[in-house]
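Just so you know, we're using the UniProt record's numbering here: the sequence shown kicks off at 1 and counts up by one. We treat Cβ as the ideally placed atom computed from N, Cα and C, and that holds for glycine. None of these values were measured; they are calculated from a predicted model. The block underneath contains the structure these notes are about, expressed in structure tokens.
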Amino acid sequence: MGEKTSKNNSTHDVEANALSEQQQQVEAVAKAVHGHPVSEHPTTYCETLMHLLKGNIGCGMLAMGDAFRNGGLLMAPILTVFIGTVCIYNNHILLNVAHKLKSRLKLEHCPTFSETVELSFATGPKSLQKHADVFRTTVNVFVIITQLGFCCVYILFVSNSIKQFCDEYGTVLDIHIHMIFALVPIMSCAMIRNLKFIAPLSTAANISMAIGLGIILSYCLVDLPTLNSRTAVAHWSQIPLFFGTAIYAFEGISLVLPLQLEMKTPNRFASTMGVLNVGMTIVTFIILTMGFVGFWRFGDEVKGSLTLNLPPTLILSKIVVGLMVFAIICTYTLQFYVPVAILWPSVQEKYGPFQSPALAEYLLRALLVFATFLAAEVIPHLALFISLVGAIASTFLALIFPPICHMVVWKDEGFGAFNWKLYMDILTIVLGLLGFVTGTYFSLYDIVVAFSKDFGLHH
């Protein structure tokens with residue numbers, strides 16, 4: 001009897017020690033959280049909405065006609081609404097998890113995306129606890145690479161557009177010269193350090209993009225063929241290609257937490273008629289419209305960017321390209337904000353305190369801008385490598401990490417009637433894995449084909 005009691009006591013001691021160790025680990029992680037401090041220049045509802053729209057309306061929007069070709073005129077709209085709903089749901093659960101952890105662990109500031117993932121795993125099952133810091137680093141690396149990858153794509157888009165315009169008027173220069181020309185406005189915009197002051201750029205970019213998309217639509221709506229002449233449901237083998245493009249078009253989750261925490265009234269971000277729901281509804285509507293009308297008008301002839309379907313001699317084509325170039329330069333600033341927000345605290349911690357923190361941050365920004373230009377200048381087929389990184393990083397950031405964190409943090413809270421939130425989380429993870437596998441496969445295939453052509457191996 002005494003032995004049994006002794007065994008029970010030792011078991012309780014082991015469990016208590018394990019619990020104590022976990023508590024200490026969680027407290028250590030919580031203490032290390034920098035979080036997102038309250039902004040000195042908070043943004044209004046409208047300014048935040050402009051940022052959200054600008055962060056989600058970019059080059060991916062122009063590729064939706066091609067995406068609808070891979071989905072079909074009937075199937076693609078249904079899948080677009082489904083993917084849009086899943087992405088909005090994931091944005092909401094990321095915000096919910098971050099705020100739940102802030103209140104549960106009594107943190108001074110709301111955790112960032114990577115800190116939210118780390119704290120979720122640190123407070124979760126043992127199998128996840130020991131990997132919490134690895135996942136924090138992984139999220140930070142994924143966010144930095146994807147955001148700077150977007151910036152590289154923007155440089156290529158701007159440089160190629162300027163070259164196309166100059167070539168037509170007889171000023172034929174090497175593409176690398178045009179990249180240097182593009183560096184000046186992009187570097188100037190990248191020096192803006194606060195979302196409050198980036199807001200006018202986002203607004204101007206949204207107006208430019210709206211006019212450009214309006215011109216494209218007005219051209220597409222002339223001489224429309226009958227709906228019956230277009231494929232209603234594409235072959236199942238093409239659907240993964242649709243998913244890849246659509247998920248890329250909706251991928252703006254890295255901006256969600258910074259945008260909410262920079263607001264004057266953060267509770268108006270995720271409310272029923274808040275910035276997130278209103279903004280993403282507008283984004284979904286634009287994606288639907290551009291994809292549907294683009295494929296309806298051009299059918300199987302639709303290009304990877306709808307601007308390429310416009311006749312190059314048409315004056316409206318030049319206006320559209322000019323508007324898009326301006327909008328993309330402004331968008332660079334917003335996408336650039338996120339990696340700087342991640343890297344700057346680490347730089348301060350490692351190399352600070354600085355005599356002039358503002359000057360040190362400007363230097364960091366200049367180095368990062370030069371890094372994106374160097375990548376665009378030097379790496380062959382850079383856009384294909386960025387697509388590969390996006391297929392891996394974007395799907396994990398937007399579709400896999402948020403539901404896993406939600407399942408871990410909400411396990412004691414319940415998942416609603418009939419556990420619908422749990423099933424939604426599982427469905428989202430499955431969708432993310434599908435996007436990851438298919439996106440990685442097709443990106444690798446495109447890279448192999450491109451380099452095979454370079455070396456004369458592909459016929």
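Notebook entry, point to check: Any idea which residues DSSP pairs cysteine 59 with across the strands?
Noted result: According to DSSP, which records beta bridges pairwise, cysteine 59 is partnered with nothing at all.
Next item on the list: Can you say whether cysteine 46 is buried or exposed, counting buried as having 16 or more other CB atoms within 10 angstroms of its CB?
Entry: exposed
Next item on the list: Would you kindly report the start and end of the unbroken alpha helix (DSSP H) that includes lysine 100?
Entry: 75-104
Note to self: Taking the beta carbon of asparagine 228 as the centre, do at least 16 other beta carbons fall within 10 Å, making it buried, or is it exposed?
What the structure shows: exposed
Item checked: Beta-carbon proximity of glycine 435 to alanine 234, cut-off 8 Å -> no
Checklist line | Pairwise C-alpha distance: proline 403 and isoleucine 93 | finding: 7 Å
Item checked: Selected residue, minimal CA-CA separation from phenylalanine 242, among Phe157, Leu217, Met61 -> Met61
Item checked: Simplified DSSP state of residue 462, which is helix, strand or coil -> A question about residue 462 goes unanswered here, because the residues of the chain that appear run from 1 up to 459.
Notebook entry, point to check: Between which two residues does the alpha helix (DSSP H) containing isoleucine 145 stretch?
Noted result: 132-168
Note to self: Can you tell me where the alpha helix (DSSP H) holding leucine 433 begins and where it ends?
What the structure shows: 420-454
Notebook entry, point to check: In chain order, what residues of the same chain have a beta carbon less than 6 Å from the beta carbon of lysine 163, not counting five sequence neighbours either side?
Noted result: Ile175, His178
Item checked: Own chain partners of phenylalanine 68 with C-beta closer than 7 Å, once the 5 adjacent residues on each side are dropped -> Ala76, Gly291, Phe292, Gly294, Phe295
Next item on the list: Taking all protein chains shown into account, decide if arginine 104 is buried (16 or more other Cβ within 10 angstroms of its Cβ) or exposed.
Entry: exposed
Next item on the list: Report yes or no: do the region 236-250 and the region 425-440 share at least 3 C-beta pairs separated by less than 8 Å?
Entry: yes
Item checked: Sequence-distant residues of the same chain with beta carbon closer than 7 Å to valine 117, five excluded per side -> Phe135, Arg136, Val139, Phe401, Cys405
Margin query: Comparing C-alpha positions only, which one of Val86, Gly84, Ala327, Asn91 sits nearest to phenylalanine 269?
Written below: Asn91
Item checked: Local Cβ density within 10 Å of tyrosine 169, reported as buried at 16 or more and exposed below that -> exposed
Notebook entry, point to check: How should leucine 367 be labelled, buried or exposed, when 16 other C-beta atoms within 10 angstroms of its C-beta is the threshold for buried?
Noted result: exposed
Notebook entry, point to check: In whole angstroms, what separates the C-alpha of threonine 428 from that of valine 86?
Noted result: 7 Å
Check: Given that a residue counts as buried once 16 or more other Cβ atoms are within 10 Å of its Cβ, and exposed if not, what is residue 460?
Finding: Only positions 1 to 459 of the chain appear in the structure, and residue 460 is not among them; the question remains open.
Margin query: Classify histidine 51: buried if its beta carbon has 16 or more other beta carbons within 10 angstroms, exposed otherwise.
Written below: buried
Check: If we ignore side chains and look at the alpha-carbon of each, how far apart do proline 353 and alanine 383 end up?
Finding: 38 Å
Checklist line | Where valine 256 falls, given that 16 or more other Cβ within 10 Å makes a residue buried | finding: buried
Next item on the list: Provide the residue span of the alpha helix (DSSP H) that contains leucine 183, from first to last.
Entry: 175-190
Item checked: Sub-8 Å separation of proline 42 and lysine 264 beta-carbons -> yes
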